[in-house]
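I have placed the structure first, in the form of structure tokens, so that the comments after it can refer back to it.
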Amino acid sequence: MWFENCEVPADLIVGGQEGRGLKAALRGINHARFHVAATCVGQAIRLITEMTNMHLNVSSLENELVNLVK
47 MWFENCEVPA DLIVGGQEGR GLKAALRGIN HARFHVAATC VGQAIRLITE MTNMHLNVSS
107 LENELVNLVK
């Protein structure tokens, strides 16, 4: 997208000064990357916890069934 002969009031320039808008946008993207990574780590921890609990429950159920057959 290109704008020709377009003027932006000084108080509305992104980053506060001409030429700093890209840097401000990239800073926001970098913060988002951190949040995405933290969310993924949290989900992985939850998955491991849920799978561990499920395994323990299935293992105890199997033991109960084996004891019933004996």
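Residue numbers 47 to 116, in this note's numbering, belong to the letters of the sequence shown in order.
Cβ coordinates follow ideal geometry from the N, Cα and C atoms, glycine included.
Short Cβ contact (7 Å threshold) for residue i with residue j
{"i": "residue 54", "j": "residue 70", "result": "no"}
Residue i versus the options, residue with shortest Cα-Cα distance
{"i": "residue 56", "options": "73, 105 and 65", "result": "65"}
DSSP state of residue i mapped onto helix, strand, coil
{"i": "residue 79", "result": "helix"}
{"i": "residue 96", "result": "helix"}
{"i": "residue 51", "result": "coil"}
{"i": "residue 104", "result": "helix"}
{"i": "residue 88", "result": "helix"}
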